[in-house]
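S.K.:
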Amino acid sequence: MSFFTAEDETFRLEVRRFIQTALPLEMRERNHRAYHPTRDDVVLWTKALQQKGWSVPSWPIEYGGPGWTVRQRHIFEEECFLGGAPELSPQGNSLVGPVIYTFGNQEQKTRFLPGIISADQLWAQGFSEPNSGSDLASLRTRADRDGDHYVVNGQKTWTSEGHFSDWLFLLVRTRQDGKPQAGISFLLVDMKTPGITVRPIISIDEGHSLNEVFLEDVRVPVENLVGEENQGWTYAKVLLGEERSFSAMVPRCKMEFERLRRNASFSRTSRGRLIDDPHFAKRLSALEIELLAHETTTWRVLAEEESGHAGAMPTSSIIKIKGTELLQQIELLSVEALGLDAMPVYPEEEYREALPATMPGPVHAVGVTSEMFYRRAATIYGGTNEIQRNLIAGTLLKG
Amino acid sequence: MSFFTAEDETFRLEVRRFIQTALPLEMRERNHRAYHPTRDDVVLWTKALQQKGWSVPSWPIEYGGPGWTVRQRHIFEEECFLGGAPELSPQGNSLVGPVIYTFGNQEQKTRFLPGIISADQLWAQGFSEPNSGSDLASLRTRADRDGDHYVVNGQKTWTSEGHFSDWLFLLVRTRQDGKPQAGISFLLVDMKTPGITVRPIISIDEGHSLNEVFLEDVRVPVENLVGEENQGWTYAKVLLGEERSFSAMVPRCKMEFERLRRNASFSRTSRGRLIDDPHFAKRLSALEIELLAHETTTWRVLAEEESGHAGAMPTSSIIKIKGTELLQQIELLSVEALGLDAMPVYPEEEYREALPATMPGPVHAVGVTSEMFYRRAATIYGGTNEIQRNLIAGTLLKG
Amino acid sequence: MQFLPDEAQSMMRDTVRRWVEKDYSAEGDSTLGCDPDRWAFLAEQGWLAAGVSEEAGGLGGNAFDLCTIAEELGRGLVRDAFVPFAGATANLLAQIAPGSDLLQELLWGGGRPLLAHSEAAARGEQLFIETTARADGDGFVLDGRKDAVLGGPFATSLLISARIEGEDGITIFQIDPGQPGLTQQSFRTIDNRSACNLVLDGVKLASDALVGPRSGADNALILALDQAILASCAEAVGAMEAAMLMTRDYLRTRKQFGSEIGKFQALQHRLADMFIETEQARSIVLRAIDAACGEDVAQRQRLAAAAKSRVAQAGLFVGGQAIQLHGGIGMTEEYGVGHYFKRLMAFDLYLGSGNAHLERFAALQQAERT
Amino acid sequence: MQFLPDEAQSMMRDTVRRWVEKDYSAEGDSTLGCDPDRWAFLAEQGWLAAGVSEEAGGLGGNAFDLCTIAEELGRGLVRDAFVPFAGATANLLAQIAPGSDLLQELLWGGGRPLLAHSEAAARGEQLFIETTARADGDGFVLDGRKDAVLGGPFATSLLISARIEGEDGITIFQIDPGQPGLTQQSFRTIDNRSACNLVLDGVKLASDALVGPRSGADNALILALDQAILASCAEAVGAMEAAMLMTRDYLRTRKQFGSEIGKFQALQHRLADMFIETEQARSIVLRAIDAACGEDVAQRQRLAAAAKSRVAQAGLFVGGQAIQLHGGIGMTEEYGVGHYFKRLMAFDLYLGSGNAHLERFAALQQAERT
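Residue numbers (my numbering), protein chains in the order written: chain A, 54 to 452; chain B, 54 to 452; chain C, 2 to 371; chain D, 2 to 371.
(1) What residue does the alpha helix (DSSP H) around TYR203(A) start on, and which one ends it?
(2) Please return the same chain residues whose Cβ sits closer than 7 angstroms to the Cβ of LEU380(B), not counting the five positions on each side in sequence.
(3) Leaving out the 5 sequence neighbours to the left and right, which residues in its chain are closer than 7 angstroms to GLY491(B) when beta-carbon positions are compared?
(4) For VAL416(B), count the other beta carbons within 10 Å of its own beta carbon; 16 or more makes it buried, fewer makes it exposed. Which is it?
(5) For a test of the three-state rule: what should DSSP assign to THR194(A), helix, strand or coil?
(6) Output needed for PRO183(B): all residues of its chain with C-beta closer than 7 angstroms, excluding positions within five of it in sequence on either side, in chain order.
(7) So, does the segment 22-29 of chain D touch the segment 360-368 of chain B, judging by three or more C-beta pairs under 8 angstroms?
(8) On the premise that ALA172(B) lies in contact with VAL95(B), defined as a C-beta separation below 8 angstroms, what is that separation, rounded to the nearest angstrom?
(9) Anyone know if the C-beta pair for ILE342(A) and ALA307(D) falls short of 8 angstroms?
(10) What does PHE56(B) reach in chain C if we use C-beta pairs closer than 8 angstroms?
(11) Within 10 angstroms of the Cβ of ASN158(B), are there 16 or more other Cβ atoms? Answer buried if so, exposed if not.
(12) Would you call ILE114(A) buried or exposed, if buried means 16 or more other Cβ atoms sit within 10 Å of its Cβ?
(13) Got a sec: is the Cβ-Cβ distance from ILE237(A) to anything in chain D below 8 angstroms?
(14) Within the continuous alpha helix (DSSP H) that includes LYS105(A), where are the two ends?
(15) Could you tell me which whole alpha helix (DSSP H) segments of length 4 or greater appear in the segment 206-294 of chain C?
(16) Identify every residue that forms a DSSP beta bridge with LYS309(D).
(17) Can you list, in chain order, the residues of its chain with a C-beta nearer than 8 angstroms to that of TRP121(B)? Leave out the 5 residues immediately preceding and following it.
(18) Answer yes or no: does any C-beta atom of chain C fall closer than 8 angstroms to that of LEU380(B)?
(19) Spatial neighbours of ALA149(C) within its chain, please: CB distance less than 7 angstroms, with the 5 preceding and 5 following residues excluded, ordered by chain position.
(20) Taking PHE362(C) as the query, report the chain B residues whose CB atoms sit under 7 angstroms from its CB, ordered along the chain.
(21) Where are the alpha helix (DSSP H) runs, 4 residues long or more, that stay fully inside the segment 326-391 of chain A, in chain order?
(22) Can you pull out the residues from the segment 36-59 of chain D whose beta carbon lies closer than 9 angstroms to at least one beta carbon of chain C?
(23) Please state whether DSSP places ASN252(A) in a helix, a strand or coil.
(24) Starting from THR172(C) and walking both ways along the alpha helix (DSSP H), at which residues does that stretch end?
(25) Round the Cβ separation of THR194(B) and ASN283(B) to the nearest angstrom and send it over; I've been treating them as touching at under 8 angstroms.
(26) Please state whether DSSP places LEU49(C) in a helix, a strand or coil.
(27) Using three-state DSSP, classify GLN186(C) as helix, strand or coil.
(28) Please work out which residues of its chain come closer than 6 angstroms, Cβ to Cβ, to GLU131(B), disregarding the five sequence neighbours upstream and downstream, and give them in chain order.
(29) Checking 8 angstroms against the spacing of the C-beta atoms, do GLY58(D) and LEU93(D) come in under that value?
(30) Would you mind stating whether LEU116(C) and THR172(C) have Cβ atoms separated by less than 8 angstroms?
(31) Taking Cβ positions only, does ARG253(C) come closer than 8 angstroms to chain B?
(32) Using DSSP with H/G/I as helix, E/B as strand and the rest coil, what is LEU78(B)?
(33) Buried or exposed for MET12(D), going by 16 or more other Cβ atoms inside 10 Å?
Structure representation (C-alpha cells):
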C-alpha cells in the first residue's frame with residue numbers, strides 16, 4: 054500500500070484523530086447504519102470541520118479550502134467514511150461552490166462561498182427533469198427575462214436534499230432556438246422565493262432524500278446568473294468532469310465491505326460462523342480482489358490527476374462503472390449474509406436517530422437492506438453506466 | 054424426466070441398441086474425442102443407418118425418411134451423440150435436402166435425394182462470403198445467364214466439409230438491382246466443375262473442417278436452379294428457420310458435461326479426486342442446473358413444434374443462445390479441470406484415428422482443449438448470438 | 002411432463018389473474034398482513050386446497066396447480082402468505098395429518114394453522130433447528146426461537162418444529178399464539194408482507210399438542226418445504242415476467258436523445274437477457290414440478306434445490322435490470338417497478354438462499370455418487 | 002507505489018517493444034521452442050537479469066522491471082520461455098544461490114538452468130510435490146515426475162524440487178537433461194510454446210547436485226513462483242491489451258448492414274468491457290508488484306494470488322470476446338486474434354489456475370484472521 058507517502062500517512066493519522074475527538078459517538082453510530090444524512094448532522098459536522106479549516110476539502114486556499122493534494126482529499130474522504138462521519142453536502146462542496154469560484158463574479162463569491170464553508174446555507178441541485186435524464190441537454194425549464202429578473206417556469210427532479218436546502222442552483226433554458234446545449238443558463242435561486250414547491254420522492258429504500266421541485270413564475274434577480282447567459286452548459290460540463298475519483302466510491306465500497314466482513318462473523322450457520330465457511334470465504338475473496346483492483350485503478354487516476362496530464366482515456370468512466378457495480382455486488386452479498394435477519398424493514402425514521410428497544414433482528418442488520426436498495430441508483434445517477442460505456446467505446450473507437 | 058413417453062423410451066432403447074451393435078468400437082472412441090469427423094466415418098455410419106432407414110432422420114417418409122416425431126428425432130440425435138456416433142453431414146441432411154424436396158422439381162428430387170440418403174454424395178454449403186457474414190443478404194457472388202448455363206463468379210467461405218464434398222449448394226446473385234434479398238438464387242453445383250478451387254481454412258483448434266471456395270467462370274446448367282430465379286432468399290430463410298431445436302446443442306452439452314464429470318474423477322488434487330472437491334462440485338452443479346433448465350426449455354420448444362402452433366416468441370433464439378454459451382462454459386471448465394494435462398496440443402491428425410504410443414498426458418485429455426477452441430465458433434455461426442438477441446428484443450418490443 | 006396448464010388449470014389461472022387485477026387490494030390491510038375476509042374468499046375459491054390430494058382432503062391437484070396460482074399472485078405482488086399456508090403447511094399436514102380437522106380448516110376456511118420452522122442459523126439446511134422439547138409429565142416444555150415466520154401474525158395456531166431431547170427426529174407441536182411463554186414479535190418485511198419472530202421460553206404443552214408422528218416429521222418436513230420452495234419459485238417467475246414486461250413497455254415509450262430508448266441496442270440486449278433468464282427460471286420450475294409429482298424422493302429434493310438456486314439468480318438479475326433500464330423513475334417507491342426487485346430479494350432470503358440451495362444441490366449430487 | 006515505468010524502464014520497454022515488433026520471429030525455431038542465438042541476445046541485452054538484485058548478480062531491478070519486459074513479450078506473443086527462466090528460476094537462484102556461477106550463466110548467457118517443479122496434482126498448491134529423494138551413500142536417488150515444464154526442452158540443466166525422505170522441507174537438485182533414469186517427453190503447448198514432462202526413475206545424484214539449503218527451499222520456492230506468476234500476469238496483460246486493440250481496429254473497419262460494426266452499441270459496450278477488464282487486470286498486477294517489492298511476505302503471497310485470479314478471469318473474457326467480436330475470421334488460425342485467446346488459456350493453466358489462486362487467497366485471508 055505504498056501509494057501513500059509517509060507524509061500522507063501522517064496526515065491520515067491526523068484526520069483520524071480529529072474525527073475520533075470531534076465526531077459525536079451517536080452520530081458515528083447513526084452513520085454506520087448508512088441511512089440518509091439529516092440536515093442537523095451535516096451542519097454540525099461541517100461546522101466542526103470548519104474549525105479546522107477542513108469543511109470544503111477540495112477547494113483551493115484562496116477561497117477558504119485547505120489546499121490539499123488530490124491524495125490528501127482522497128485520504129480525508131476515506132477516513133471520514135470509515136470513521137462514520139456524515140457525508141458533506143456534495144451540492145455546495147463539489148458542485149455549485151467550484152462553479153461559483155471559477156465562473157462567478159466577485160460579488161457572488163463574497164455572497165455565497167462563506168455560507169457553503171459554514172453550512173449556514175445548504176444547496177440543492179436542479180439539473181434533471183422528468184423528461185431529461187441521460188439526455189440532460191433536452192431540459193425544458195425556461196427562464197424569461199423580465200426587467201432585472203428572470204421568471205422561471207418548469208420542473209426539476211431527483212433533487213437530493215431539496216427538502217432541507219436553502220438555495221437551489223438551476224440549469225434553465227434562456228434561448229429556445231439553436232442547438233439544445235447553446236441556450237442554457239446557470240441560475241442561483243433562493244428556495245424561499247415564491248412559486249417554488251418541493252415534493253418529496255420516496256425512494257425504494259423507503260427513505261427520503263430526493264425531491265421534485267416545481268417552479269411557477271419564480272422571479273430570480275439577474276445578478277443571480279452565473280457567468281454569461283446561454284453559457285451554463287459549459288459550466289455544468291466542467292463541473293460534471295470534476296467528479297472523477299469521487300465517483301469511484303472507494304471509501305464507500307471499503308466501508309460496506311468491512312461491514313459485510315464484520316456481519317459475516319456474527320452470522321451463524323449450522324457449522325459455526327458464516328465467515329469461516331469456505332464457500333462464503335471464496336465469494337468474499339472475489340469481491341475483495343475486485344476491490345483491490347478497483348482501488349488501484351482509482352489510485353492510478355489520482356496519480357494522473359496529480360501529474361496534471363490526464364490520459365486520453367475516460368478513466369473516470371471506468372472507475373465510475375467499477376465502483377458502482379462493485380458496491381452493488383458487495384451490498385447484495387451483505388443482504389444475503391444476513392439471511393433471515395435481512396427480512397424485516399428497519400425504517401429510517403425509526404432507526405436513524407436511535408435504535409428502538411425491541412427489534413426484529415440484531416443491531417448489525419439495521420440499515421443493510423435499505424442501503425442496498427438505495428444504491429441501486431448508483432449505476433443510474435451521475436451518468437448511467439450505459440452512458441459511461443458509450444463514452445469509453447467512443448474514445449477507443451475514435452482514438 | 055417424464056417429458057418422454059413410454060413409447061419414446063422404448064424407441065430410445067432401440068436406438069441405443071442399434072448404435073451399440075452397428076457402430077464400430079474404434080469409431081466410437083474416435084468420436085468421443087470430439088475431433089472433426091472424417092468423410093470415411095460419415096459415409097460408413099450413414100450407410101449403416103440407411104440399412105435401418107434412419108439415415109435422414111428429419112425427413113418425411115415419402116422422401117425416404119423415417120417419418121419420426123420431433124421427440125423421436127431429438128432422442129435419436131441424443132443417443133447418437135452420447136453413443137459416440139459421428140455427426141451426420143448436416144449440409145445434406147438438414148439443409149439442402151429439405152430445400153430440394155420442398156422447393157425442387159421432380160427431376161431434382163429423383164436425382165439428388167438418393168445420394169444424400171446413401172451418403173454417396175456429400176454436400177457443402179456456399180452461403181457466407183468474406184464480406185457477408187451476419188449480413189448474408191449483401192452477398193456478391195454472381196451468376197450470369199449464358200444460354201442454358203449460369204456462369205458463376207465469386208468467393209464463398211466457412212464452407213464446412215468443402216474439402217471432401219461432392220456437391221455444393223450456393224446462394225448467388227442473379228439480379229443486381231432492387232433490394233439485396235430480391236435478386237438471389239439457389240444453385241446446385243457439382244464440385245468437379247472446372248473453375249472451382251477449394252482452399253482449406255485451418256481453425257484455431259488446428260483442425261481442418263472449414264474451407265474457402267473460389268468460383269471462377271463456373272458453368273452450372275440451368276436445370277440446377279432450385280425453384281425460381283431470384284427466389285433463393287425465400288428458400289434459404291425457410292431452411293434457416295428449420296434449425297430450431299437442433300441449434301440447442303443439448304446432446305452435445307450433455308456429452309461434454311459427462312466427459313467433464315468423468316475427467317474430474319480422474320484428475321487428482323492434493324486432497325484426492327477433483328470431483329470430490331466441494332468448490333469444484335459447486336461449480337459443476339451450477340453448470341448442471343443450467344443444463345437442466347436449458348434442456349427443459351428445449352423440450353418446451355419441441356412440445357411447441359409438436360403442437361404445431363409455435364408461439365410468437367423466437368424461442369429458437371433463446372435455445373441457440375443458451376445452448377452455445379452453456380457449451381462454452383462447460384468446455385472451459387473441462388480444460389481447467391484437466392489442469393496441466395490441458396497444456397499439450399493433441400493434434401487432430403495424430404490423435405484422431407488412433408492414439409500414439411506415447412502421449413504427453415492421459416488418454417482422457419485428448420481432444421478436450423481443441424474441442425473447446427473449436428466451439429468458440431458456436432456463438433458465431435448459425436446467426437451470431439448478438440443477432441439472436443436482436444431478434445428476441447425485436448419481437449418483444451414489437452409484440 | 003406438463004409445460005402448459007390443462008383446460009381446468011387455465012380456467013383457474015384466468016380466474017386468479019382476474020381477481021388479482023381487478024379485485025385484489027392490500028390498501029386496508031391491518032398489520033396482520035392480510036384481510037380475514039379476503040383470506041376466506043381464497044379458501045372458498047378452493048385455491049388453498051388446489052395442491053392437496055383428495056385423500057388428504059384437498060381438491061386433488063398437485064404442485065402444478067399450486068404453482069399456477071402462486072405465479073399469478075406473484076405477478077400481481079399479492080402480499081397474502083399463500084405459500085406458507087397453502088404450500089408449506091398444507092403439504093406438511095397432508096402428510097402427517099391427512100384428513101384432519103386442522104387441515105380441513107386450513108384448506109377450506111375456519112382456521113389458519115401455520116408451520117413455524119425457520120431459524121436464522123439454518124440458512125436453508127432444512128432439518129437444522131435448535132428448538133427443543135423436554136418431556137414434562139404427560140406433556141412437553143418447549144424452548145427456542147423461530148425467525149421470520151412469513152404470515153405468522155395472521156396465523157390462528159402455530160405448528161412449531163422441535164427436537165425432543167434424547168430423540169433423533171423432529172416433532173411438530175401445535176401452539177396457540179397466546180400461549181404463555183411464547184413471545185411473538187411481528188414485523189413488516191422488505192417486500193411489504195407480514196412476518197414474526199417467535200421466542201419460546203419454557204412453553205408448557207399437553208401431550209395432545211403433538212401433531213403427526215413423534216420424532217418422525219423429518220421427511221414430511223423436507224417435502225413440505227420443497228413444495229413451498231416450488232410455489233415461491235412460481236411466485237418469483239410471475240414477478241419476473243411482470244417486471245420484464247413493464248420494462249419492455251417503458252423502453253417502448255420513454256424517449257431520450259430523440260428516440261425511444263428501446264432503439265438502443267445495448268438496452269435491447271439487456272431486455273433479451275431478462276427474457277432469457279425468465280424463461281430459464283420457468284423451465285427449471287417446470288422440471289422441478291415434474292419431479293415433485295413423481296416418486297423419486299432424491300430427485301424431488303435435487304430439483305427443488307436446482308429450482309431455488311436458478312430462480313433466485315434469475316430473479317435478482319431481472320429485478321435489478323428492471324430498475325436499471327427504467328433509470329431514476331425505477332428508484333421511486335411510487336412507480337412500483339422496484340417492488341418487484343424487493344419481492345425477488347425477499348424470495349432469495351426465504352427458505353434458504355439460492356446460493357445455499359446450489360450448495361445443497363452439489364452435496365446431494367456428491368452423496369448420490371458415493 | 003509505481004504506476005508507470007521510470008525513464009530507464011521506459012527506454013527498456015521501448016527497446017523490447019521495437020525488438021518484438023521488428024526483429025522477433027519464431028519462424029525458424031526448432032522444437033526446443035527457442036533459438037539459442039536469440040536467447041543469447043536476450044541475455045546480452047540484460048533482459049534476463051533485469052529483475053534480479055545487484056547483490057545476487059543481476060541488474061538491480063525488481064518485479065516492475067521484470068514485468069515491464071514480460072508485458073512487451075506478451076503483447077507480441079513471443080514464444081520464448083522468458084518467465085520460467087528469468088522469472089521463476091532466476092528469482093529462486095537469487096535467493097538460494099546468490100552470486101553463484103549457475104545464476105550468472107542463466108542471467109548473462111552460457112547456461113540455461115531451469116526450475117522443474119510443477120506436478121499436475123498440485124493444481125496451484127505451491128508446495129505440493131510427490132517427487133522424492135532418498136539418501137544413498139553420499140548422494141541421492143530421485144523418483145517422481147514433473148509435468149508441463151515450460152521451456153524444459155530448451156534447458157541445459159534442470160533444477161528438480163524433491164522432498165528428502167524423512168525430512169520436512171523441499172530440496173533443489175541440479176540434474177543434467179541426459180542423466181540416466183531421467184526421461185524427458187517434449188511437447189508443443191496449446192499456445193505454441195515448448196514444454197516437457199519429466200519422469201525420474203531412480204535417478205542417482207552425487208551430493209554436489211544439491212543447490213541451496215538442504216530441505217530448506219520452501220519459502221524461496223513460494224517467492225520465486227509468485228514472482229513468476231506476476232511476470233506471467235504481465236505477459237497476459239500485454240496479450241489482452243493487444244487483443245483488445247486488434248478488436249477495436251476491426252470494429253472500425255469491418256462493415257455489415259451498411260456501416261462499420263463499431264457503430265452497434267452492443268458491440269461498443271463489449272469493447273468497453275474488454276477495456277475495463279484489461280485495466281482492472283493491469284491494476285491488480287501493479288498492486289501485486291508493489292507488494293512484491295515490499296517486506297511483508299504474507300502480503301506478497303496474498304497479492305500474487307489475487308493477481309493470478311483476477312488476471313485469469315479478465316484474460317479469458319478479453320480473449321474470448323476478441324474472437325466473438327471478430328466473428329468467423331477470429332476463428333482462423335491464420336488471422337491470429339485467436340492466438341491471444343490460446344495464450345490466455347495457457348496462462349490460466351500455468352502455475353495454478355485463476356480459480357485455484359482465488360481459493361488460495363481465501364485460505365490465506367482465513368489463516369490471517371485466525
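A virtual CB, placed ideally from N, CA and C, is assigned to each residue, including glycine.
M.R.: Inspection of the coordinates gives the following:
(1) No alpha helix (DSSP H) holds TYR203(A); the beta strand (DSSP E) holding it covers 202-209.
(2) The beta carbon of LEU380(B) is closer than 7 angstroms to those of MET302, ARG305, CYS306, GLU309, ARG428, ALA431 in its chain, skipping five residues each way along the sequence.
(3) Outside the modelled stretch of chain B, which goes from 54 to 452, sits residue 491(B), for which no answer is possible.
(4) Answer is exposed; the Cβ neighbour count stays below 16.
(5) Correct three-state label for THR194(A): coil.
(6) The answer, listed in chain order, is GLN208, THR210.
(7) These segments do not touch.
(8) Between VAL95(B) and ALA172(B), the beta carbon gap of about 6 angstroms places them in contact (Cβ cut-off 8 angstroms).
(9) The answer is yes: Cβ separation under 8 angstroms.
(10) Near PHE56(B) (Cβ distances below 8 angstroms), the residues of chain C are MET2, ASP291.
(11) With fewer than 16 Cβ atoms within 10 Å of its Cβ, ASN158(B) is classed as exposed.
(12) With fewer than 16 Cβ atoms within 10 Å of its Cβ, ILE114(A) is classed as exposed.
(13) No, ILE237(A) does not count as interfacial toward chain D.
(14) LYS105(A) -> alpha helix (DSSP H) spans 92-105.
(15) Qualifying alpha helix (DSSP H) stretches, in chain order: 219-254, 266-293.
(16) DSSP lists no partner for LYS309(D).
(17) Answer for TRP121(B): PRO110, SER111, PHE129, listed in chain order.
(18) No, LEU380(B) does not count as interfacial toward chain C.
(19) Counting only Cβ-Cβ distances below 7 angstroms, and skipping sequence neighbours, we find SER119, ALA196, ASN198.
(20) The contacting residues are SER338, ILE342.
(21) Within the segment 326-391 of chain A, the complete alpha helix (DSSP H) runs of at least 4 residues are 331-360, 368-391.
(22) Within the segment 36-59 of chain D, no residue has a Cβ that lies closer than 9 angstroms to any Cβ of chain C.
(23) Reading off the sequence, residue 252(A) comes out as Arg, not Asn. Of the three classes helix, strand and coil, the one that applies to ARG252(A) here is strand, per DSSP.
(24) Premise fails: THR172(C) lies in the beta strand (DSSP E), 172-176, not in any alpha helix (DSSP H).
(25) Their Cβ separation, rounded to whole angstroms, is 15 angstroms, which puts THR194(B) and ASN283(B) out of contact at 8 angstroms.
(26) Under the three-state reduction of DSSP, LEU49(C) is assigned to coil, being neither helix nor strand.
(27) Strand, per DSSP.
(28) Result list for GLU131(B): PRO304, in chain order.
(29) Not in contact: GLY58(D) and LEU93(D) (Cβ atoms no closer than 8 angstroms).
(30) Going by C-beta atoms, LEU116(C) is not nearer than 8 angstroms to THR172(C).
(31) Chain B, which has a Cβ nearer than 8 angstroms to the Cβ of ARG253(C), makes this yes.
(32) Under the three-state reduction of DSSP output, LEU78(B) falls in the helix class.
(33) By the 10 Å Cβ count, MET12(D) comes out exposed.
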